[in-house]
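Okay, structure first, notes after.
Numbering (the working numbering), first residue to last: 1038 to 1181.
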């Protein structure tokens, strides 16, 4: 994104200021992008303090033969900063949904499904009833 380019550097604080989550992505095939994550974590912490969820994401894991940053290095850096970590491949669709699930689970007020009380759950049946399918076959509209 353009906010990562030096000429747009002045825009960064305004993006960070109102954020609840910061996803800091580096290219596992580019060591310099990994080294730059220190600066990004510091930038987020300067603007938001500890009132933000930060996720370090090593992307482009599909470039196996070009890898310059190990998963262990990414994990160690996340532990150093006390932030979440995951590796992904946007191109291959690897770990994208788990990334967003991890973020959602960390948001304040979000409960995991296992901690939700059974009586609070509502069963929603989306199968059409006999009457509604007959109405559709007859060319009718809404049955309400």
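Quick reminder that beta carbons are idealized off the backbone N, C-alpha and C, glycines included.
By the neighbour-count criterion, in which 16 or more other beta carbons inside 10 Å mark a residue as buried, residue 1111 falls on the buried side. In this structure residue 1091 is in contact with residue 1078, their Cβ atoms being roughly 6 Å apart against a cut-off of 8 Å. In the DSSP annotation of this structure, residue 1144 is not part of any beta strand (DSSP E), being labelled neither H nor E. By the neighbour-count criterion, in which a residue is buried when 16 or more other Cβ atoms sit within 10 angstroms of its Cβ, residue 1072 is exposed. Across the structure, residue 1058 and residue 1140 are spaced so that their CA atoms are roughly 8 Å apart. CA-CA distance, residue 1137 to residue 1063, rounds to 17 Å. Counting along the chain, the unbroken beta strand (DSSP E) around residue 1096 starts and ends at 1090-1096. The C-alpha of residue 1121 lies about 29 Å from the C-alpha of residue 1044. The alpha-carbon of residue 1114 is positioned some 22 Å away from that of residue 1049. Nearest in C-alpha terms to residue 1084, of all of 1098, 1051, 1127, is 1051.
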